[in-house]
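Structure first, then comments.
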Amino acid sequence: MDKILVCIKRVVDYNVKIRIKPDETDVVTEGVKMSINPFDEIALEEALRIKESGQANEVIIVSVGSDDCQQQLRTGLAMGADRAILVEHPENTEPLTVAKLLHQIVQQEQP
């Protein structure tokens, strides 16, 4: 195993009380602390353990979203990831589109 690719998503921090917008179309994200999805953080920690054990040479994190995702990518780099890739795309992208974008990254990186 040469590379490990870990997908991370920017989400409302799990300690924040979620509030719904008045029109009930979405949650309020303005001024709310955001973080890496806790399950993605666990995946990143495990990838770093695998790298430390010598079974991989590089851990790459990737996120699909707006420029705001850079903070979560920086957090992942601070945790020990070697590289970060941001695929800039609107926040409310359909899951199939995200999957196709991630597929392109996998093809480029060949993990």
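Counting in our numbering, the sequence shown runs from 3 upward without gaps. Glycine is no exception: its CB is placed at the ideal position from the N, C-alpha and C atoms.
The distance from the Cβ of residue 74 to that of residue 65 is about 6 angstroms, consistent with a contact at the 8 angstroms cut-off.
Counting along the chain, residue 49 sits inside the alpha helix (DSSP H) bounded by residues 40-54. Rounded to the nearest whole angstrom, the C-alpha separation of residue 6 and residue 108 is 10 angstroms. Membership of residue 26 in any beta strand (DSSP E) is not indicated, and neither H nor E is assigned to it by DSSP. In the DSSP assignment, residue 86 falls within the unbroken beta strand (DSSP E) covering 85-90. Beta-bridge pairing by DSSP links residue 5 to 60. The Cβ-Cβ distance between residue 60 and residue 53 falls below 9 angstroms. With contacts defined by Cβ atoms closer than 9 angstroms, residue 78 and residue 8 form a contacting pair. Nearest C-alpha to residue 82 among 32, 14 and 48: 48.
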